[in-house]
Structure formats: structure tokens, C-alpha cells
Amino acid sequence: MSSQSTSLHHNEPVLFTRPAYGAPAEAFFLLPPRKLLRVHSSDATLKLVVSDFRIEGRKITYTGTEKIPSFSEKELFPAEKTARSIGHHTDRKRHLLFFEGRYFYDQQIRFDYETDERWTLPGPSAHSRSLPRLSRLATRIAEGRPITVVLLGDSISAGANAVESPRYIEQVCDRLRTLTTGEVTLHNLSKGGMSTPWGVEQAARAVALRPDLFIVAFGMNDASGKYPPENYAANVRRMVTMVTDATPDAECAVVSGMNANPDWHLAHPEFHQAYHEHLKKLADARIAFCDVFTPWNHLVARKGFLSVTGNGVNHPNDYGHRLYADILIRSLLFDTAQDKCSSEVSVPNHG
Numbered sequence: 006m007s008s009q010s011t012s013l014h015h016n017e018p019v020l021f022t023r024p025a026y027g028a029p030a031e032a033f034f035l036l037p038p039r040k041l042l043r044v045h046s047s048d049a050t051l052k053l054v055v056s057d058f059r060i061e062g063r064k065i066t067y068t069g070t071e072k073i074p075s076f077s078e079k080e081l082f083p084a085e086k087t088a089r090s091i092g093h094h095t096d097r098k099r100h101l102l103f104f105e106g107r108y109f110y111d112q113q114i115r116f117d118y119e120t121d122e123r124w125t126l127p128g129p130s131a132h133s134r135s136l137p138r139l140s141r142l143a144t145r146i147a148e149g150r151p152i153t154v155v156l157l158g159d160s161i162s163a164g165a166n167a168v169e170s171p172r173y174i175e176q177v178c179d180r181l182r183t184l185t186t187g188e189v190t191l192h193n194l195s196k197g198g199m200s201t202p203w204g205v206e207q208a209a210r211a212v213a214l215r216p217d218l219f220i221v222a223f224g225m226n227d228a229s230g231k232y233p234p235e236n237y238a239a240n241v242r243r244m245v246t247m248v249t250d251a252t253p254d255a256e257c258a259v260v261s262g263m264n265a266n267p268d269w270h271l272a273h274p275e276f277h278q279a280y281h282e283h284l285k286k287l288a289d290a291r292i293a294f295c296d297v298f299t300p301w302n303h304l305v306a307r308k309g310f311l312s313v314t315g316n317g318v319n320h321p322n323d324y325g326h327r328l329y330a331d332i333l334i335r336s337l338l339f340d341t342a343q344d345k346c347s348s349e350v351s352v353p354n355h356g
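Positions in the sequence shown are counted from 1; adding 5 to them yields our numbering.
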């Protein structure tokens, strides 16, 4: 959704690709820039200026003489296994560019720009508007009472590939702290490679922490393993019920997260879609539904997956972690936080 008004985007990342041999490197922004203000890279030796780039709508093309990070199709999808690749492409023959740590962060170039369009996160659906917000959490915030947050999820929630930006759950807690005088305590029980059966096993740890807000965020590894959607939903429900039965004042949130790289043979987007539909049905007065899935797919459609990923396959970059944080705070406390929490998709600003 976009509306006409001038807005400023900071540190929007793009990964440049070369569509053909000898062709200039190109990428796509979320919105069409009216004016480029600044370009910055992790490589301090790169002396880039905005005049090195040409803008056509949302498309940006590099016209400078410095060598910038960019990738051909053969580099994105190598025929042979390399130290920076993973199997397999959906064609089951080629591999995919993949690496953990800050590799993708260093390949992505970030821009500040002005635009005449403002893209806002999708508003609450008719279904979600009919549900009460997390009223007990809102009361705790208003009264300045302590808030204990417990997160149970996979590597995305553990903070994978957040480089210069805090992990999304830390951003959420930081934003809660701006809304209350009370102490906000975070316990992040998330672990890489895990899925909902493991989450059920760990739920007793969450119960012992007596959370005021319990967040469940699984799906990436469940989908890669083609875990049945009905079982996935039952496991999420079990985790939530264990906490709410033991802690009557606790409120919960379930996160419908990002899709994997659509070119990866283990992406299984149909499973993510099914999980998304099941999670929507769990929402009630004590369970907030956090829809990262829909705006994530919108970002990928406009920018390309490689401009929003932290590892090339199944993790977000800093931009993606900011999206998660924005969605969660809006879903948990939209009415309370609307004056202090912008609905605009904003990118992490470190420049």
C-alpha cells in the first residue's frame, strides 16, 4: 500500500546483479527514489557517490568505474559446490549462493533516498480488527509495571545474520521501553535449526519464567522438512496453552514469518502459506497474530530476495529484522503505540 507524500528512506540495502555478460550491475528499491542522497558500503575503500548510479523508477543501475559487489547468474547459482554455496536450486542441479555471518551484509550496498511514495504496512484485517488487543500488556505499560517477555523460536528469532542492527526481539523490547516506565526483561530461548516439536519440549522452560508476554515464532525449519500444517498448528497451540494454563495473566503472540529463497529446493512456500492460515485461526483476546509473512513477500516481489536476506537462503538481513520488529510492535499494541510507532516500513539507520 502506498500513499503520495515525500518520505526519506535510510540505509535501504540492495544486492546488485549482472543480468547478462557485460551488462551493468542493477538492483531494485522498495519505492522509486525521487533523489538519491547517499550511498554507503561496508568496504571503506569503495569511494562511491550518488552520481555513479542511474535511477529508472525503482530500478537502479551502476554506471561508475569502481568495482562494486555484484553477481552474475552463474555466481548466484554455481554448477558445482563451493565454500559459499548450498544445495540445491529448484532445478535440483545447481547450487545457491549461501554464507553465514556478515558476508551478505558486506555485499549489499545501502542507500539513503527521498521518494514521493510512502509504503505502509498492511492495516489490520477485518478479522484482526474485531479482536481485542493484548489488554493486560497495555495495562502493564500504562501503569509502569514490570514486563517479562519470553521468545521461543528458531535461528531467525535467535538473531541470525543481524549484523549492525539489534535482533528483532531486542528492537521490540527497546520500543516497549519507550512506552513504559516499568522494567522490560527479555528471555530469548530460541535456537538455530529448531522446529515446533522442539518448541513443545522447551515450553516448560518458558512456563518457569512466568512471562507476561510469550511469543512463539517457528516455521522455517518446519517448512523445509514439510512438516504437516495441522501438526504445526497443534504444536503452536500446545506451547501457548502450556504457558497460559500455568500463568493466567500471560498473553501470547504467534508469528507468521518470512519465506525462504524461492529458488531453494527446500523453500516449500506452500507450507509457509498453510502455516500462515493456521496461525490466523489461533488469534483471540489473549493471542496476537503477527503477520510478517505478507509484507515480507511484498518486499521480495519488489526488491528481490537477495536484497533482504542475511545468508542467501533462509535468514533476514538487518532490514528484515527491522520489518519483524515493526510488525510485532504494531500487532501487539497498535492502538497504544500508534502515536509512537510508525506504520511505515523503515530500514535500520546506522549511517
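Virtual Cβ for every residue (Gly too), placed ideally from N, Cα, C. As the structure is a computational prediction, the values presented were derived from the model and not from experiment.
Within the continuous beta strand (DSSP E) that includes residue i, where are the two ends?
{"i": "ARG123", "result": "114-124"}
{"i": "THR144", "result": "Run containing THR144: none in the beta strand (DSSP E); it sits in the alpha helix (DSSP H), 140-148."}
{"i": "ARG59", "result": "58-61"}
{"i": "LYS52", "result": "That residue, LYS52, is in no beta strand (DSSP E); it is neither H nor E in DSSP."}
Please classify residue i as buried or exposed, where buried requires at least 16 other C-beta atoms within 10 Å of its C-beta.
{"i": "ASP250", "result": "exposed"}
{"i": "GLU206", "result": "exposed"}
{"i": "THR341", "result": "For THR341, the predicted model reports a pLDDT of 43, less than 50, meaning its position is unreliable and no value from the coordinates is stated."}
{"i": "ALA88", "result": "exposed"}
{"i": "TYR26", "result": "exposed"}
{"i": "VAL54", "result": "exposed"}
{"i": "ASP289", "result": "exposed"}
{"i": "ARG134", "result": "At ARG134 the pLDDT is 45, less than 50, meaning the model places this residue with poor confidence; the figure from the coordinates comes in the next sentence. Under this definition ARG134 is an exposed residue."}
{"i": "GLU349", "result": "Its pLDDT being 44, under 50, GLU349 is placed unreliably in this model, and the value from its coordinates should be taken loosely. Exposed."}
{"i": "LEU311", "result": "buried"}
{"i": "TRP269", "result": "buried"}
{"i": "SER229", "result": "buried"}
{"i": "ARG291", "result": "buried"}
May I ask you to report which of helix, strand or coil DSSP gives residue i?
{"i": "LEU36", "result": "coil"}
{"i": "CYS178", "result": "helix"}
{"i": "PRO24", "result": "coil"}
{"i": "LYS285", "result": "helix"}
{"i": "VAL245", "result": "helix"}
{"i": "GLU235", "result": "helix"}
{"i": "HIS192", "result": "strand"}
{"i": "SER47", "result": "coil"}
{"i": "ARG97", "result": "coil"}
{"i": "ASN319", "result": "coil"}
{"i": "HIS273", "result": "coil"}
{"i": "THR201", "result": "helix"}
{"i": "ILE161", "result": "helix"}
{"i": "THR87", "result": "coil"}
{"i": "LEU357", "result": "Residue 357 is absent from the structure shown; the chain starts at 6 and stops at 356."}
{"i": "ILE73", "result": "coil"}
{"i": "LEU218", "result": "strand"}
If residue i and residue j are in contact, beta carbons under 8 Å, what's the gap, nearest whole angstrom?
{"i": "PHE219", "j": "VAL245", "result": "7 Å"}
{"i": "HIS315", "j": "PHE109", "result": "Note that residue 315 corresponds to Gly in the displayed sequence, not to His. Indeed they touch by this definition, with Cβ atoms about 6 Å apart."}
{"i": "ILE152", "j": "ASP217", "result": "5 Å"}
What span of residues does the alpha helix (DSSP H) with residue i cover, start to end?
{"i": "GLU78", "result": "78-81"}
{"i": "SER90", "result": "Here SER90 belongs to no alpha helix (DSSP H); instead the beta strand (DSSP E) covers 90-92."}
| message | Using a Cβ distance threshold of 8 Å, determine whether the segment 147-156 contacts the segment 66-78, with at least three qualifying pairs required. | response | no
| task | Tell me, please, whether the segment 97-106 touches the segment 13-27 by the rule of three or more beta-carbon pairs shorter than 8 Å. | result | no
| request: For the segment 141-148 and the segment 163-179, state whether three or more C-beta atom pairs, one from each stretch, are separated by less than 8 Å. | output: no
| Between the segment 229-243 and the segment 171-183, do at least 3 Cβ pairs fall closer than 8 Å? | no
| field | the segment 300-317 contacting the segment 253-266, beta-carbon criterion three pairs below 8 Å | value | yes
| said: I'd like to know if the segment 295-302 and the segment 314-331 are in contact, where contact means that at least 3 CB-CB pairs between them fall below 8 Å. | reply: yes
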